[in-house]
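A.B. asks: Chains A and B, in that order, give the protein sequences. Every letter in the first sequence is one number past the one before it in my numbering, and letter 83, counting from 1, is 83. Every letter in the second sequence is one number past the one before it in my numbering, and letter 23, counting from 1, is 23.
2 protein chains.
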Amino acid sequence: MAVKRRLSISAAEAEVMTVLWQHSPAGTDEIVTALEHRQWHESTIKTLLERLRKKGAIKAAKEGRRHLYSPVLQRDEWVAQESVGLLDRLFDGRVTPFVAHFSRQRKLSRKDLEELKRLIEELDHDR
Amino acid sequence: MAVKRRLSISAAEAEVMTVLWQHSPAGTDEIVTALEHRQWHESTIKTLLERLRKKGAIKAAKEGRRHLYSPVLQRDEWVAQESVGLLDRLFDGRVTPFVAHFSRQRKLSRKDLEELKRLIEELDHDR
DNA sequence: CTTCTTCGTCTACAAGTGTAGTCTAACGGC
DNA sequence: GCCGTTAGACTACACTTGTAGACGAAGAAG
């Protein structure tokens, strides 16, 4: 069974992952195009891809002389790691204090409150 | 008026800040003691303190030949930065998807749900 | 076949981070 | 006043990260 090693993704790497999470497999050129707004040189993106591959966060399939990359680490997994990590570090692993704090910072809009209320009820029903 | 520059605190530095947030002003020795569980050499902690001071996250007052450190960056501020940062990066800045995702990972306990419900109602009342 | 182009790989390099050792000046004890 | 102790300052060093250039091999073009 796969040993799910906790692989850590840097900010820049996460942006590359985001592209692949939206559309994969993808070649370097596609990824470069998708990241145009970042104004990274092609080399930079190649480096990030290579680092991600070495870490095992993505895999590359040969297609001719090119590589087609696909995520191995799933977005859900990564989001979970980040979220749980933050909650543990800052809020003793509990979600309520997080919401409370957040509500003090950026006032939650009425819409947010409605959404949240609905979500809670839903969760409540499913037990 | 103070220009609130966004100062970034590394993980190790945050641990030192945590000590100061709990009790300050504090001298190096106290901080070292408070961080015994980390098994860091005294030098390490001195370095972290110095880095934090240079960044302006803490300030040092001379007391004889020692320094007494106090936080400048407040915990609330930092927690807000981290939280908002994560929400923006991963959840489009919205809190509901965060709670939703979290609930799928670590099942929210009944107690969590109750707490959350109470919090929402409260916020709801205050508009 | 020779040449141009294009990929992927290797190398680079400064800043930040984790972790710690060394040096120096001032303090406290005798 | 001299000497050991000690606090803070300075130095170190490997690893990660952001950012990119250089190089070599394989494919495309003619």
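The beta-carbon is built from N, C-alpha and C at its ideal position, and this holds for glycine as well.
1) In chain A, what lies closer than 9 Å to V16 of chain B by C-beta?
2) Starting from the beta carbon of S83 of chain A, find every residue of chain B whose beta carbon is closer than 8 Å, and list them in chain order.
3) Given a cut-off of 8 Å, decide if L90 of chain A and E82 of chain B are closer than it, judged by their beta-carbon atoms.
4) How would you list, in chain order, the residues of chain A whose beta-carbon sits under 7 Å from the beta-carbon of E115 of chain B?
5) Which whole-angstrom value is the C-beta distance of L20 of chain B and A11 of chain B, which I expect to be below 8 Å?
6) Run down chain A in chain order and give the residues with a C-beta less than 9 Å from the C-beta of I45 of chain B.
7) By a C-beta neighbour count over all protein chains shown, 10 Å radius and 16 as the cutoff for buried, is S103 of chain B buried or exposed?
8) Let me make sure I understand the geometry here. Which of B:S70, B:F98 and B:H125 has the alpha-carbon closest to that of Q22 of chain B?
9) Let me see if you follow: with CB-CB separation under 8 Å, is A26 of chain A close to chain B or not?
10) Would you mind reading off the limits of the beta strand (DSSP E) that contains P71 of chain B?
11) Going along chain A in order, which residues have a C-beta closer than 9 Å to the C-beta of A60 of chain B?
12) List the residues of chain A that I9 of chain B touches, going by C-beta distances under 7 Å, in chain order.
C.D. replies: From the atom records:
1) The sequence position of residue 16 of chain B within the second sequence is 16, counting from 1. The premise fails here: V16 of chain B is roughly 14 Å from chain A at the closest Cβ pair, so nothing lies under 9 Å.
2) Locating residue 83 of chain A in the first sequence gives position 83, where the first residue counts as 1. Those within 8 Å of S83 of chain A in chain B are L86, L90, F98, H101, F102 and Q105.
3) In the second sequence, the residue the question calls residue 82 of chain B occupies position 82. In the first sequence, the residue the question calls residue 90 of chain A occupies position 90. Going by C-beta atoms, E82 of chain B is nearer than 8 Å to L90 of chain A.
4) To locate residue 115 of chain B, count along the second sequence from 1; it is residue 115. T96, listed in chain order.
5) Translated into the one-based positions of the second sequence, residue 20 of chain B becomes position 20. Translated into the one-based positions of the second sequence, residue 11 of chain B becomes position 11. Not a contact, Cβ separation roughly 16 Å.
6) Numbered from 1 along the second sequence, position 45 holds the residue referred to as residue 45 of chain B. Here the premise fails: no neighbours, minimum Cβ distance about 19 Å.
7) Looking up residue 103 of chain B in the second sequence gives position 103. Buried.
8) In the second sequence, residue 22 of chain B corresponds to position 22, counting from 1. The option with the nearest alpha carbon to Q22 of chain B is B:S70.
9) Stepping through the first sequence from its first residue, residue 26 of chain A is reached at position 26. By this cut-off, A26 of chain A is not an interface position.
10) As a working mapping, residue 71 of chain B is identified with position 71 in the second sequence. Run containing P71 of chain B: R66 to P71, per the beta strand (DSSP E) assignment.
11) Start at 1 with the first residue of the second sequence, and residue 60 of chain B comes out as number 60. Neighbours of A60 of chain B on chain A: none; closest Cβ ~25 Å, over 9 Å.
12) Position 9 of the second sequence, counting from 1, holds the residue named residue 9 of chain B. Residues of chain A passing the Cβ test: none, with the nearest at roughly 11 Å.
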